[in-house]
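Working notes, beginning with the structure itself.
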Amino acid sequence: MTEGLDPIVLELIHSKVTSIVEEMRVVLFHSGYSTVLRESEDGSAGLLDSRLRTVAVSKKLPLHFGSFSAIAEHLPRYYRPDELGEGDVILFNHPYAGNVTHPSDTVILMPVFVDGALVAYTATLAHKPDLGGPRGLAVARDLWEEGLVIPPLKYYMRGEVNREVEWLIAANSRIPVETLGDLRGQVAACRVGAQRMQDLCARFGVQTVTGGCEELRHRVAGRLREVLQALPDGTHEAEGILDHDGINFDRLLRVHVLVTKKGSEILFDFSGSDEQARGRVNVVPGLIKNCCYFALMAMTDANLPFNHGFVDVVQTRFREGTIVCPRPGAAVSDYVPLAYLTSDVVLKALGEFCPEKAVGSAGGGGAIRILGTAPASGKPWMLMELLDTALGATSSRDGVSLIHGTLGVGQFRPGPIEIHETEFPLRIVRFDVRPDSGGPGKFRGGLGCTREYEVLEQAMVPVRGKGDLRSKMPPWGVFGGRPATVGGISVNGVEVPARTREAQIMPGDVVRIDMNAGGGYGDPLDRDPELVLGDVVDGYVTLRGARDDYGVVINSENLSVDYEATESLRKQKRAQSIYSGGIK
Numbered sequence: 013m014t015e016g017l018d019p020i021v022l023e024l025i026h027s028k029v030t031s032i033v034e035e036m037r038v039v040l041f042h043s044g045y046s047t048v049l050r051e052s053e054d055g056s057a058g059l060l061d062s063r064l065r066t067v068a069v070s071k072k073l074p075l076h077f078g079s080f081s082a083i084a085e086h087l088p089r090y091y092r093p094d095e096l097g098e099g100d101v102i103l104f105n106h107p108y109a110g111n112v113t114h115p116s117d118t119v120i121l122m123p124v125f126v127d128g129a130l131v132a133y134t135a136t137l138a139h140k141p142d143l144g145g146p147r148g149l150a151v152a153r154d155l156w157e158e159g160l161v162i163p164p165l166k167y168y169m170r171g172e173v174n175r176e177v178e179w180l181i182a183a184n185s186r187i188p189v190e191t192l193g194d195l196r197g198q199v200a201a202c203r204v205g206a207q208r209m210q211d212l213c214a215r216f217g218v219q220t221v222t223g224g225c226e227e228l229r230h231r232v233a234g235r236l237r238e239v240l241q242a243l244p245d246g247t248h249e250a251e252g253i254l255d256h257d258g259i260n261f262d263r264l265l266r267v268h269v270l271v272t273k274k275g276s277e278i279l280f281d282f283s284g285s286d287e288q289a290r291g292r293v294n295v296v297p298g299l300i301k302n303c304c305y306f307a308l309m310a311m312t313d314a315n316l317p318f319n320h321g322f323v324d325v326v327q328t329r330f331r332e333g334t335i336v337c338p339r340p341g342a343a344v345s346d347y348v349p350l351a352y353l354t355s356d357v358v359l360k361a362l363g364e365f366c367p368e369k370a371v372g373s374a375g376g377g378g379a380i381r382i383l384g385t386a387p388a389s390g391k392p393w394m395l396m397e398l399l400d401t402a403l404g405a406t407s408s409r410d411g412v413s414l415i416h417g418t419l420g421v422g423q424f425r426p427g428p429i430e431i432h433e434t435e436f437p438l439r440i441v442r443f444d445v446r447p448d449s450g451g452p453g454k455f456r457g458g459l460g461c462t463r464e465y466e467v468l469e470q471a472m473v474p475v476r477g478k479g480d481l482r483s484k485m486p487p488w489g490v491f492g493g494r495p496a497t498v499g500g501i502s503v504n505g506v507e508v509p510a511r512t513r514e515a516q517i518m519p520g521d522v523v524r525i526d527m528n529a530g531g532g533y534g535d536p537l538d539r540d541p542e543l544v545l546g547d548v549v550d551g552y553v554t555l556r557g558a559r560d561d562y563g564v565v566i567n568s569e570n571l572s573v574d575y576e577a578t579e580s581l582r583k584q585k586r587a588q589s590i591y592s593g594g595i596k
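Quick note: the sequence shown uses the numbering used here, first residue 13, plus one each step.
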């Protein structure tokens, strides 16, 4: 405990910084203009100390735990603390200058002053549906082909907006009203956070508040070291594969992690990963580190808040020029498949240290964009929404269905159908689970979703790849659990070929999106037949799936388990499994 800091006051400070971030989130989403921000909630908020170390972020979005952790490495090259004043607002989206995702995500950073002294920063990150670049971001070969790249610059100066910056951004967006509206919403959220932080300092004093934030960081780091100490020492590795990078369709891309744990220290070594891609699937190291923070929290103490204590404890190693540490200028606009795959790979390696917490691979992230131009006005329109995949199964329960992978579990979601049908020329005619998609196991993987759009005007849908680039190595199961089924895109019932970059849509066409599911845990022949029956009744598993995947025979007339036939079938399947070398 920091000397002289009352434990009750420390708890009040902890509660308050958490509530500040949550209030900022509410303002951010309620102020959003684009559907991807206000409905799918693709954004986050954070509070940083005067040295740009994370004090608090929302735990509802693991993808953005470390969104602001790389700012301290880059901002001093652009602005010293003494060059910032009250009312200044910094804007940037440069993935190699403090942002950790891609150019479509803009970061707003606001310094907070009390009696003329810099005491903290408030920050928001939010996705922009369009900041220029190719319509589908499908052919970008470097950073500059991906759209407008903004280094840290002053968007507001002494409380006044820099109109030239807004003119520049508006000129580089197909939907400038939504883009600028979202940016101003980010600023509004930061202003609310700054005011609340100033109120907190007025209540307890700057020294007490800053000392409390420092103590919270030390406590998280200390707790992490305690739980690491309890894990067995050793080295474990894991890897995963993406289908291609969108340019070279014949080159598989491998991410590899070697995890070494000794005492209270842990190192995640990614230097064995493949060379960087020509296409847009690379990921910058800051986001890969975030995958490690999330996985370590999930495997050790999920009740921990996220702050800079994780950065203090977690060690990482990279080799420049790989897909997880690309050289500056490499394209990163489609970072999602590799980021989500990396989180699964890290969880798989950590599961070797504590098998009781091992988990099947999740279905990854996913989204759809439908782009068109209104025939009468000539105005471009763009629907973007985040879609649901699923989580893998664990040692004690089935994976969660219809949820946005590992990194978006608590926040990302599809937008309301009524909103989309009101604002865009389309109808959503189906939203359902995908039967038999979850990886079979003693505990079943979660199910992915199916969503269908009837498009009423000519449009285009960018295509990233089958199963969000996971078709060559589908979301895996563990300890005998089977892999999940991957998704895809079809138009009028015809599957779009995996190497297609853009699907052209005519009025009346129906676009169907099937999303990935999660991997299973344990031998599916050990699953309780009554649980299989329940899945059949709920529409999660078909009668054929029950028989083929689980060896459970169900009477189709009265929907009851035929236990004698089930026992016989399972005995036969186990014998076949032994003969063929076992279930992999």
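Positions of the beta carbon are idealized from the N, C-alpha and C atoms, including for glycine.
Inter-residue Cα distance where the pair is residue i and residue j
i           : j           : result
residue 50  : residue 146 : 24 Å
residue 326 : residue 232 : 12 Å
residue 426 : residue 409 : 25 Å
residue 270 : residue 316 : 24 Å
residue 140 : residue 123 : 23 Å
residue 301 : residue 110 : 14 Å
residue 606 : residue 507 : Absent from the structure is residue 606, since the part of the chain shown begins at 13 and ends at 596.
residue 451 : residue 166 : 49 Å
residue 69  : residue 75  : 11 Å
residue 406 : residue 306 : 17 Å
residue 39  : residue 352 : 27 Å
residue 229 : residue 67  : 7 Å
residue 242 : residue 273 : 11 Å
N- and C-terminal bounds of the alpha helix (DSSP H) containing residue i
i           : result
residue 516 : Element bounds for residue 516: not the alpha helix (DSSP H) but the beta strand (DSSP E), 514 to 517.
residue 268 : Where residue 268 is concerned, there is no enclosing alpha helix (DSSP H), although the beta strand (DSSP E) it sits in stretches over 265 to 274.
residue 353 : 348 to 363
residue 19  : 19 to 43
Buried versus exposed, by CB contacts within 10 Å (16 or more), residue i
i           : result
residue 393 : buried
residue 42  : exposed
residue 588 : exposed
residue 244 : exposed
residue 294 : buried
residue 571 : exposed
residue 335 : buried
residue 190 : buried
residue 556 : exposed
For residue i, the first and last residue of its enclosing beta strand (DSSP E)
i           : result
residue 523 : 522 to 526
residue 3   : The structure shown does not extend to residue 3, since the chain is modelled only from 13 through 596, so no value can be given for it.
residue 152 : Taken as a continuous stretch (DSSP letters only), residue 152 belongs to no beta strand (DSSP E), as it is neither H nor E.
residue 211 : From DSSP, residue 211 is part of no beta strand (DSSP E) but of the alpha helix (DSSP H) over 188 to 216.
residue 472 : 471 to 474
residue 502 : 500 to 503
residue 69  : 66 to 69
residue 179 : Not the beta strand (DSSP E): residue 179 falls in the alpha helix (DSSP H), residues 175 to 183.
residue 122 : 117 to 126
residue 542 : Residue 542 -> not in any beta strand (DSSP E); alpha helix (DSSP H) instead, spanning 541 to 550.
residue 467 : 461 to 467
residue 398 : 392 to 398
Helix, strand or coil at residue i [DSSP, three-state]
i           : result
residue 166 : strand
residue 314 : coil
residue 567 : strand
residue 533 : strand
residue 495 : coil
residue 337 : strand
residue 379 : strand
residue 326 : strand
residue 248 : strand
residue 55  : strand
residue 306 : helix
residue 418 : coil
residue 142 : coil
residue 576 : helix
Closer than 8 Å to chain C by CB, residue i
i           : result
residue 492 : Structure shown: chain C not included; a single protein chain is present.
The region 131 to 140 touching the region 52 to 69, judged by at least three CB pairs closer than 8 Å: yes
Tell me whether the region 342 to 354 and the region 278 to 292 touch, counting them as touching only if at least three CB pairs, one residue from each stretch, are closer than 8 Å. yes
Is the region 544 to 563 touching the region 495 to 513, taking contact as three or more C-beta pairs under 8 Å? no
Given 8 Å as the limit, is there contact between the region 112 to 126 and the region 196 to 207, that is, 3 or more CB pairs closer than that? yes
Are the region 529 to 546 and the region 429 to 440 touching, with three or more C-beta to C-beta distances below 8 Å? no
If we count Cβ pairs, one from each stretch, closer than 8 Å, do we get three or more for the region 527 to 542 versus the region 570 to 580? yes
Pairs of beta-carbons, one from the region 219 to 228 and one from the region 251 to 260, closer than 8 Å: are there three or more? no
If we count Cβ pairs, one from each stretch, closer than 8 Å, do we get three or more for the region 410 to 424 versus the region 375 to 388? yes
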